[in-house]
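Chains as they are written, first to last, in our numbering: chain A, 9 to 587; chain B, 9 to 587. By construction, the Cβ of each residue, glycine as well, lies at the ideal position given by its N, Cα and C atoms.
There are 2 protein chains.
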Amino acid sequence: MIHLLAAATLDPSDITRLMIALAVLLGLARVLGELARRFNQPMVLGEILAGVLLGPTVLGYISPVGMEWLFPASGYEEGRIALDSFVTVSAIMLLLVAGLEVDLSVVWKQGKAALLVSTTGMVIPFALGFGLAYGLPNVIGFGGESDMLMPFALFVGIAMSITALPVIAKILMDLNMFRSDMGMLILSSAMVNDLVGWIGFAIVLALISSGEATGGTGDLLVTIGLTLLFVGVMLTLGRWLVHKTLPFIQAHSTWPGGVLSFVMVMSLLCAAITEAIGIHSIFGAFIVGVAIGDSKHLREKTRETISQFITNIFAPIFFAGIGLRVNFLEHFDLLAVVLVMAVAILGKVIGCYFGAVWAKLSKRESWAIGFGMSARGAMEIILGQLAMSHGLISQKLFVAIVIMAIGTSMLAGPAMQGVLGRRQKRRLNDYLPDKSFAGQIQGNDRKQAIEQLALTAAKITGIHHSQIGEAVWQREQIESTGLPNALAVPHARLANLKQPVIVIGQSNSGIDFDSPDGTLAEIICMILSPESMPESQLEMLAAVAEAFHTEQSRRDCLAAANLTEFKAALATSARSEHS
Amino acid sequence: MIHLLAAATLDPSDITRLMIALAVLLGLARVLGELARRFNQPMVLGEILAGVLLGPTVLGYISPVGMEWLFPASGYEEGRIALDSFVTVSAIMLLLVAGLEVDLSVVWKQGKAALLVSTTGMVIPFALGFGLAYGLPNVIGFGGESDMLMPFALFVGIAMSITALPVIAKILMDLNMFRSDMGMLILSSAMVNDLVGWIGFAIVLALISSGEATGGTGDLLVTIGLTLLFVGVMLTLGRWLVHKTLPFIQAHSTWPGGVLSFVMVMSLLCAAITEAIGIHSIFGAFIVGVAIGDSKHLREKTRETISQFITNIFAPIFFAGIGLRVNFLEHFDLLAVVLVMAVAILGKVIGCYFGAVWAKLSKRESWAIGFGMSARGAMEIILGQLAMSHGLISQKLFVAIVIMAIGTSMLAGPAMQGVLGRRQKRRLNDYLPDKSFAGQIQGNDRKQAIEQLALTAAKITGIHHSQIGEAVWQREQIESTGLPNALAVPHARLANLKQPVIVIGQSNSGIDFDSPDGTLAEIICMILSPESMPESQLEMLAAVAEAFHTEQSRRDCLAAANLTEFKAALATSARSEHS
């Protein structure tokens, strides 16, 4: 979108080039983002990496001409304006989505514990960050004039205390802890963190603006007063009005189109208000997101449509664009990175640990909460980007913040797992190796079906098919494994099996596995678990049950012609992670 | 988004102003669009009207200062570039969505009839349009140099022959004919129309470019050859590759995010290719849309996420932007409007009529097909916009084309209804007047429940409640009206009732209406039909059954606290219109 605008006359060759640039940027950002996700790393890691590869750090080093051809933005005025504008719009949308994630009613339910964890979890990293920045401004990368030292230190303190709600939510879901007490405590503390942190950041922005403009302390107080008034009004009256308006819009307009437009219009208006107040437009979008996301009348589908579009189109271009504009090698400073990283992790983990202990949680739980809360992510990068564009921080510190944000996001999940001894929840797709798809079963006989699946399993496991077939058949005779809704899960434990594995067969005509509801089995999942991992059998059974919870998923899976289509059918009918 | 970019320095007051401008534009466009839809008119009518109200035609007339404050785009270079770019991106996205709607497999199924209707339905309006433009170029508004007369005449001919697939689909759904044979014939003919029409338009663009550039006939032939090659490759090899790639993406990436990004990247790349060939980028987006939309692996949810976002954010701003830039009063020319409108309607209706008769349809059906196909819409406006920006047509003709596009869209539905004697399908929401919501029923007795609903019905209809209650109770005693899934539909015909009406009651504890599946009724819909309209009873029963086809809709409706929330629950759980 941006680069389109860089062309002064928009002649065909410019349009061609700029569309290719956008396509390459978006494409690579998404591919690397997906790869990162495959290895359980935050998507933003891959997205920024795409920019690093295509920007001055790598492509610009290898082929300056190629980079200049694809991304000529750096050169001239129009390019800069367009880029600024796109960054502004993207940041507004990203903050809107972040705001939608905040659910104040969850916070109220958690009450005192959430307040304690979030307070100590903010105060300590803030203090450490403030101290670091005030004490060693040039070591970590102060970018402004000396009269900006106070805003700079405040900014670093706040950057240390804001968490990454979406990253944390994702980690909790992976560990199957999203709905647990501890999960809710972590989430609500993170929500308070974000709310307070962004208000604080708005005030820092006011400080910067008042420093930039000629206005004095009076102006500053007015700005801070108006900011707090805006937050107060939006989270009470505004929230109530949204809650009352949503049913009206849903009743009288196309759906979800009406709500979608309403959300956009509200975001733009509130962004305009906060911009007029003298803080940044993204703050208005965040607060309006909180106000709207809180309403139980906002349907899941609307939320998803908004966040899908923004997460998959705007965010990748935005983050890749960051990698594109900063030379990460040139501005990498080990000392700054180590200091920022150390303060970020220590401050958050220790802060939250004490808050949690204070709220009477066990020590182990408190450590887990500390590590969970230490995840930063996209938000810190947006924050840093704004601070850099205001000349408050240098590229050196920006690079350190980006690395810190990604590093903590990568660390939080494994650290929580380690402390709690929990494993990641696996889905059915994770148990299906190549060639685990047996296709249509011949005939309608249960024993024959098991034998056919055993043949497929033999190829994967290296165990002789007669041994597998016999073990499963013996188990089958003890108690039949038909499930309701045309599903069957013949299974066995095998001594010489190395990894838990599932083999899939289909039967259009159905095979009688003696299910409780009398249906014939159309999807047969043969579950094989190693004797050394007895718990894996139950986990696989749960994964199968979850995968086929809808009629739709069974129908799609039955129509699949190969393993890829089968996995696609499972993925596209998976329960939405939020609902 | 656009206007953001008009600010040369992006200082806070510019950002504030531009966000307000965008919010006002989007907000008004959506409100008027929804209003138009309420009166069964095309949304694009309301969207353009919003621009007309906010632009030079009205606001600029009343308060030039106000308009200049909100929309300063007309003044300076950056604004123009930004606007051009936004129009390009929006048009690409709109054409992508239009392409996604084209399903070639539907066309193959209809075979010869579709080919006949689409051929005569294109040739005749094309010939008339070409003749009009060639014969009276200045009367209708030729905008270019005299050597451009041939491209101009070709353009007008094509503008007369392209239909509006989304408008037609909507009309067919409203008339409950979407899945009928005639509906499929109309749709597939319209798809062929669009495909051929856009290829023709691409060739006209090539003609214009070769006229603009110094290149001669050789260049032109190369461009046309490349265009046809691109279409050929994309609709065979490209289509096959997409079909093979989609399951892989769905199996190995987040969903629907992965597919969403894939679609965007493909659109940008193909847009770049067609731009490089020398025709417009939107053509590439359209063809890629056709190639992708054809795959049965493209899930409905992905299609919907894309089209929701584009229809509700990009399209309204795009069309309102058109109203913003053209003074519709100043450039309104009655003769041009009448001529364009007459040729557009006559050409299409007569052309399709003969094609349909030729394909052995009855005369009445043939007229209906002619009227249905005569709907133009958004596409003609995009087409006109491009032609205007190339200096091929004057503002006068552009205004005439916009009016023709909207006028024919408004006419098509009622004309089809008239010819076929069909009425629009009404949904449950359409039968619920103000105060038709009785809320929670007291007690668990069937007769008492009917009496309570009769009280509510009495207030709406003016008929005494005892008369209503008695009629319904008598009917209830003949045969109980409990339906499966906790629903009951007590009903009666009343002599002195003017309009069919439904009254809603809820019961959390459930009331025994003796339903076949033994469930207690939780939602009770009392259906009252006038004796003079005996068919309305069955229509209302069907509307109730359709409204509560999912468990989710019943649960949401049961939780509704008033009529607005109830209507919102119905609207948000309605079956997707496409699926």
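Own chain, CB closer than 6 Å to residue i, minus 5 neighbours either side, in chain order
{"i": "L428(A)", "result": "A376"}
{"i": "P441(A)", "result": "I468"}
{"i": "F138(B)", "result": "A161, G165"}
{"i": "I411(B)", "result": "V345"}
Between the CA atoms of residue j and residue i - distance to the nearest angstrom
{"i": "R454(A)", "j": "T558(B)", "result": "35 Å"}
{"i": "V66(A)", "j": "V60(A)", "result": "6 Å"}
{"i": "S113(A)", "j": "F270(A)", "result": "22 Å"}
{"i": "H472(A)", "j": "A383(A)", "result": "47 Å"}
{"i": "I486(B)", "j": "L436(B)", "result": "25 Å"}
{"i": "A555(A)", "j": "F521(A)", "result": "19 Å"}
{"i": "I287(B)", "j": "A293(B)", "result": "12 Å"}
{"i": "R318(B)", "j": "V212(B)", "result": "For the record, residue 318(B) in the displayed sequence is Ile; it is not Arg. In a straight line, the C-alpha of I318(B) is about 27 Å away from that of V212(B)."}
{"i": "E478(A)", "j": "A99(A)", "result": "60 Å"}
{"i": "F79(A)", "j": "F238(B)", "result": "26 Å"}
{"i": "R25(A)", "j": "W77(A)", "result": "8 Å"}
Close beta carbons around residue i, own chain, < 8 Å, minus the five adjacent residues each side
{"i": "L203(B)", "result": "V110, V298"}
{"i": "Q482(A)", "result": "A500"}
{"i": "R430(B)", "result": "L183, N184, M185, M424"}
{"i": "K443(A)", "result": "T464, K467, I468, L571"}
{"i": "A350(B)", "result": "none"}
{"i": "I56(B)", "result": "F327, A328, I330, G331, I389, V410, I414"}
Residue i, enclosing beta strand (DSSP E) - first and last residue
{"i": "N516(A)", "result": "509 to 519"}
{"i": "I535(A)", "result": "529 to 538"}
{"i": "Q460(A)", "result": "First-last for Q460(A): 454 to 469, but that is the alpha helix (DSSP H), not the beta strand (DSSP E)."}
Where residue i falls, given that 16 or more other Cβ within 10 Å makes a residue buried
{"i": "Y84(B)", "result": "Note that Y84(B) scores 47 on pLDDT, short of 50, meaning its location in the model is unreliable and no value can be drawn from it."}
{"i": "I70(A)", "result": "exposed"}
{"i": "N146(B)", "result": "exposed"}
{"i": "S21(B)", "result": "exposed"}
{"i": "E585(A)", "result": "Here the model assigns E585(A) a pLDDT of 41, short of 50, so the residue's position is not dependable, and the following value carries that caveat. When all chains shown are included, E585(A) counts as exposed."}
{"i": "S370(B)", "result": "exposed"}
{"i": "R311(B)", "result": "buried"}
{"i": "P492(B)", "result": "exposed"}
{"i": "S397(A)", "result": "exposed"}
{"i": "L180(A)", "result": "buried"}
{"i": "G526(B)", "result": "exposed"}
{"i": "A15(B)", "result": "Per-residue confidence for A15(B) stands at a pLDDT of 34, beneath the threshold of 50, marking its modelled position as unreliable; no derived number is given."}
Sequence-distant residues of the same chain with beta carbon closer than 7 Å to residue i, five excluded per side
{"i": "L400(B)", "result": "G151, G152, M156, P159, F160, F163, I216"}
Host alpha helix (DSSP H) of residue i (start-end)
{"i": "G477(A)", "result": "473 to 486"}
{"i": "V503(B)", "result": "Per the sequence shown, the amino acid found at residue 503(B) is Ala instead of Val. Element bounds for A503(B): n/a, residue is neither H nor E."}
{"i": "G447(B)", "result": "Premise fails: G447(B) lies in the beta strand (DSSP E), 445 to 448, not in any alpha helix (DSSP H)."}
{"i": "M130(B)", "result": "120 to 143"}
{"i": "D564(A)", "result": "559 to 567"}
{"i": "R333(A)", "result": "323 to 333"}
{"i": "I176(A)", "result": "173 to 182"}
{"i": "R372(B)", "result": "371 to 381"}
{"i": "P422(A)", "result": "403 to 428"}
{"i": "K356(A)", "result": "342 to 366"}
{"i": "I28(A)", "result": "20 to 46"}
> Closer than 7 Å, Cβ to any Cβ of chain B: which residues of the region 240 to 257 of chain A, in chain order?
Replying inline: In summary, the residues of the region 240 to 257 of chain A whose CB is separated from some CB of chain B by less than 7 Å are P255, F256, in the order they occur in the chain.
> Closer than 9 Å, Cβ to any Cβ of chain A: which residues of the region 55 to 71 of chain B, in chain order?
Replying inline: So the list is empty, because no residue satisfies the distance condition.
>> Residues of the region 21 to 36 of chain A in Cβ contact with chain B at a cutoff of 7 Å, in chain order, please.
In response: For the region 21 to 36 of chain A, which is checked against every Cβ of chain B, the residues closer than 7 Å are I23, T24, M27, I28, L30, A31, L34, G35.
> Going along the chain, which residues of the region 381 to 409 of chain B sit with their C-beta nearer than 8 Å to a C-beta in chain A?
Replying inline: None of the residues of the region 381 to 409 of chain B has a beta carbon lying less than 8 Å from any beta carbon of chain A.
> Closer than 7 Å, Cβ to any Cβ of chain B: which residues of the region 490 to 505 of chain A, in chain order?
Replying inline: Against chain B - using a Cβ distance shorter than 7 Å - the region 490 to 505 of chain A contributes no residues.
>> Please list, in chain order, the residues of the region 315 to 339 of chain A that have any C-beta partner in chain B closer than 8 Å.
In response: Identification of residues in the region 315 to 339 of chain A having a C-beta nearer than 8 Å to some C-beta of chain B yields Q316, F317, T319, N320, I321, P324, given in sequence order.
>> Closer than 8 Å between beta carbons: that is the criterion. Which residues of the region 296 to 311 of chain A meet it against chain E?
In response: Chain labels in this structure do not include chain E; the protein chains are A and B.
> Taking a cut of 7 Å between CB atoms, which residues from the region 167 to 188 of chain B lie near chain A?
Replying inline: Cβ contacts with chain A come from no residue of the region 167 to 188 of chain B.
> Using a beta-carbon distance cut-off of less than 9 Å, what residues from the region 264 to 275 of chain B approach chain A?
Replying inline: Within the region 264 to 275 of chain B, the qualifying residues are P264, G265, G266, V267, L268, S269, F270, M272, V273, M274, S275.
> Residues in the region 41 to 54 of chain A with C-beta within 7 Å of chain B's C-beta atoms, listed in sequence order?
Replying inline: Taking 7 Å as the upper bound on Cβ-Cβ separation, chain B lies near residues E42, R45 of the region 41 to 54 of chain A.
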